[in-house]
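Heads up, the working numbering is the position in the sequence shown plus 25, with the first residue counted as 1.
By construction, the Cβ of each residue, glycine as well, lies at the ideal position given by its N, Cα and C atoms.
Bear in mind that the values here come from a model prediction, so they are computed numbers and not experimental data.
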Amino acid sequence: MKHAGKIALVTGGSRGIGKAISMRLAQDGADIILNYKSDSKTAEESAAEIRALGRRAWVFQADMKDDKAIRAMCKQITDDIGQLDILVHNAAFGTMGSILRMGLFSWRAAMDINVTALLLLSQRLAPLLEKSGGHIIGLSSIGADMTFSEYACIGVSKAAMESLVRYLAYELAAKGIHCNGVSAGPVETRAIDWFKWPDAVHRYATTKSPWSRIGQPSDLSGVVSFLCTEDADWITGQIIRADGGISMGEDFNDWLTEEQKAESAARS
Numbered sequence: 026m027k028h029a030g031k032i033a034l035v036t037g038g039s040r041g042i043g044k045a046i047s048m049r050l051a052q053d054g055a056d057i058i059l060n061y062k063s064d065s066k067t068a069e070e071s072a073a074e075i076r077a078l079g080r081r082a083w084v085f086q087a088d089m090k091d092d093k094a095i096r097a098m099c100k101q102i103t104d105d106i107g108q109l110d111i112l113v114h115n116a117a118f119g120t121m122g123s124i125l126r127m128g129l130f131s132w133r134a135a136m137d138i139n140v141t142a143l144l145l146l147s148q149r150l151a152p153l154l155e156k157s158g159g160h161i162i163g164l165s166s167i168g169a170d171m172t173f174s175e176y177a178c179i180g181v182s183k184a185a186m187e188s189l190v191r192y193l194a195y196e197l198a199a200k201g202i203h204c205n206g207v208s209a210g211p212v213e214t215r216a217i218d219w220f221k222w223p224d225a226v227h228r229y230a231t232t233k234s235p236w237s238r239i240g241q242p243s244d245l246s247g248v249v250s251f252l253c254t255e256d257a258d259w260i261t262g263q264i265i266r267a268d269g270g271i272s273m274g275e276d277f278n279d280w281l282t283e284e285q286k287a288e289s290a291a292r293s
C-alpha cells in the first residue's frame, strides 16, 4: 500500500470532502488523525470506519479559528503520537454575501480558518514532517482566481492560502517537506447550501464541466492521496485544479445559434 506506515492529520476530517480524504488515505494504508470542531459523534463514527479498515484512528477536537486550540492539538500529536507524515488542511469557513456589506467577524474567521490555521499547523508540525520527508496539502477553491457572485469572503481567503502554500513549499523544501494545494470546483457536499441558489450551482457545474456533472468528494481524495506519494516527489508549490474542467474557460458553443450547434454536432 502506498501509504503503509504513515500517519496523516486531516482537519475537518470527519465529514464531506475531509471524510473522503481520510477514508482514501486509510484505504491506501495510512493511520488517520481526525480533527473536528464540534460534532464528536460524527468524528467518532468516522474513526470507527477507519478502524474497520484495519487502520489506527485518533480523534482530536480543535477549532481552527482558535490558535491556542491548534497549538494544544499539535503538542498532543507531538507528545502522544510522535509521528506525522501527511498534513491535510481541509477545514474551511466562508460566508456568502456582497463584499461591500461583509462583516469583519466573517472576514476574519475566513482568514483565520482558511489561512492562519495552515500557517500555525505547518509551524508546529514541521519538525515531525521533516523526520519523514512529509507532505502538506491545502484544500482550495477555483474561486481563488475566478470570480463568483457573493463569493469574495471565501475566494480571497483561498487565494491567500494558495500563496501561503507556495511560500511554505519554497521554505520547507530544505527540510524535505513537499507542499501543494488542490483547488476544487463545486462539490456535492453540505457546503453547496451556503450558496443563495444551490440549484444554480448544480446547473453551473453540470453545464460548464465537459463531464456534465458536479464534483464528488471522491474526485478530490484520490488527487490528495497521489500528491502524498513518492510518484509526486517532483511536484511542490503547485495548485492542482480538480474541477472537472470547469476552469478551462468559456465554451464557444454557448455563443452559437441552435442552427449552428446542430451543424457543429453533425460534423463531430
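Restricting to Cα atoms, I'd like to know which of the options is closest to residue i.
{"i": "I239", "options": "G159, S47, S246, Y229", "result": "Y229"}
{"i": "T231", "options": "D53, G128, D268, L154", "result": "D268"}
{"i": "D91", "options": "E70, T141, S123", "result": "T141"}
{"i": "A198", "options": "T261, S182, S131, F118", "result": "T261"}
{"i": "F118", "options": "L109, G107, L143, I106", "result": "L143"}
{"i": "S157", "options": "R76, A287, Q86, K200", "result": "K200"}
{"i": "R215", "options": "A68, Q101, G43", "result": "G43"}
{"i": "W222", "options": "Y176, Y192, L189", "result": "Y176"}
{"i": "G79", "options": "M48, A290, F130", "result": "M48"}
{"i": "Q35", "options": "E288, L150, W132, S131", "result": "Per the sequence presented here, residue 35 reads as Val, with Gln not at that position. When only C-alpha atoms are compared, the closest one is L150."}
So, are the CB atoms of residue i and residue j less than 8 Å apart?
{"i": "I138", "j": "M98", "result": "no"}
{"i": "D170", "j": "A185", "result": "no"}
{"i": "L50", "j": "S250", "result": "yes"}
{"i": "L245", "j": "I75", "result": "no"}
{"i": "G206", "j": "I167", "result": "no"}
{"i": "E155", "j": "I202", "result": "yes"}
{"i": "M26", "j": "D64", "result": "no"}
Just to confirm my understanding: we take residue i, look at its own chain, exclude 5 residues before and 5 after, and list those with CB closer than 6 Å. What are they?
{"i": "C253", "result": "I111, H160"}
{"i": "A55", "result": "H28, K31, A33"}
{"i": "A72", "result": "L59, A82, V84"}
{"i": "Q241", "result": "E213"}
{"i": "E187", "result": "S165, A169, G206, I264"}
{"i": "K233", "result": "I271"}
For residue i, which residues in the same chain have their Cβ closer than 8 Å to its Cβ, ignoring the five residues on either side in sequence?
{"i": "H227", "result": "P211, I217, I239"}
{"i": "S237", "result": "T231"}
{"i": "F173", "result": "G180"}
{"i": "P152", "result": "T103"}
{"i": "M136", "result": "S182, A185"}
{"i": "Q101", "result": "F85"}
{"i": "S243", "result": "A45, R49"}
Within a Cβ cutoff of 7 Å, which residues of the same chain sit near residue i, ignoring the five residues on either side of it in sequence?
{"i": "F220", "result": "M121, V226"}
{"i": "P235", "result": "G270"}
{"i": "L146", "result": "I95, C99, L112, H114"}
{"i": "W132", "result": "C178"}
{"i": "A257", "result": "F251"}
{"i": "C204", "result": "I161, V190, L193, A194, L197, T261, G262"}
{"i": "I124", "result": "A177"}
Using a C-beta cutoff of 8 Å, does residue i count as contacting chain D?
{"i": "L197", "result": "Considering every chain present, this structure includes no chain D. It has just one protein chain."}
Between the region 60-77 and the region 33-46, do at least 3 Cβ pairs fall closer than 8 Å? Contact between the region 60-77 and the region 33-46 is present: 3 or more CB-CB pairs across the two stretches fall below 8 Å.
Entirely within the region 102-180 and at least 4 residues each: give me those alpha helix (DSSP H) ranges in chain order. The region 102-180 contains these whole alpha helix (DSSP H) runs: 129-136, 142-157.
Any chance the region 158-173 sits against the region 104-115, with 3 or more Cβ pairs inside 8 Å? yes
Run through the region 208-264 for me and flag every whole alpha helix (DSSP H) of 4 or more residues, listed as ranges in chain order. 223-233, 242-252
Would you list, in sequence order, the uninterrupted alpha helix (DSSP H) runs of no fewer than 4 residues that lie entirely inside the region 28-88? 41-52, 65-77
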